[in-house]
Amino acid sequence: IRVGPGYQFFLAGIYTLAGHRIRAVWLMHALLRALSVLLVFYIASLIVPGEGAFPLLAAGIFGFMPDLIVINGFLLSETLFTLLTLAATYFSLRCMENAPLGGEAAKRNAGAAGFFWALAILTRPVALLPLGLFILVLLWKKYFAASALAFIFPLLLVGSWSYYASTRYDSFILTTTVG
């Protein structure tokens, strides 16, 4: 297993719905790219609240970065991974913003962050580190319910894939056999 299954499942979903058409994948990549630009705007708004120009500038730079525009034309996992990582980062920041207040908003955001971190890990396992740091920060700040919710989706999604791959190949495999 050279890469995690996330991008392959993504492609399988597109091919199931649209047939084996490369243009459908390119269209989905363009949609993912547009959603990524929107998430950069929202993340920048969280980082620098009240500053209207900064989020627009951040989204504009990200949206018109030539390397990221070119990479969307290739069948690579980076487009999906970027969106999933940005979504996980957004919900992680929202959780940290709402956690001191407690309540359902912090728990929902922690669960959403965990879900997107899990999907990002299944796409590229390097997302394990930021997920671990996020959970450690939640534990350090004594937000135990939020940390449990952030951990449950990665445990279920990555754990089930790891179990499948490990039993199939008779060796422990977290997400891939590489890196």
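Count along the sequence shown starting at 1, add 463, and that's the number in the working numbering. Positions of the beta carbon are idealized from the N, C-alpha and C atoms, including for glycine.
Nearest-angstrom Cα separation, counted from residue j out to residue i
| i | j | result |
| --- | --- | --- |
| residue 637 | residue 545 | 21 Å |
| residue 604 | residue 589 | 24 Å |
| residue 476 | residue 491 | 11 Å |
| residue 478 | residue 554 | 29 Å |
| residue 472 | residue 518 | 32 Å |
| residue 600 | residue 609 | 11 Å |
| residue 594 | residue 632 | 26 Å |
Contact set for residue i: own chain, Cβ-Cβ below 7 Å, skip 5 residues either direction
| i | result |
| --- | --- |
| residue 474 | 488 |
| residue 541 | 534 |
| residue 587 | 467, 540, 544 |
| residue 577 | 612, 613, 614, 615, 616, 617 |
Counted within 10 angstroms of its Cβ, other Cβ atoms place residue i as buried (16 or more) or exposed
| i | result |
| --- | --- |
| residue 533 | exposed |
| residue 485 | exposed |
| residue 511 | exposed |
Cβ-Cβ separation, residue j to residue i (assumed contact under 8 Å), whole Å
| i | j | result |
| --- | --- | --- |
| residue 507 | residue 522 | 7 Å |
| residue 584 | residue 621 | 5 Å |
| residue 580 | residue 551 | 4 Å |
| residue 502 | residue 556 | Not quite, the Cβ-Cβ distance comes to about 11 Å (not below 8 Å), so this is no contact. |
Chain-order list of residues whose beta-carbon lies under 8 Å from that of residue i (same chain, five-residue window excluded)
| i | result |
| --- | --- |
| residue 480 | 487 |
| residue 561 | 568, 569, 572 |
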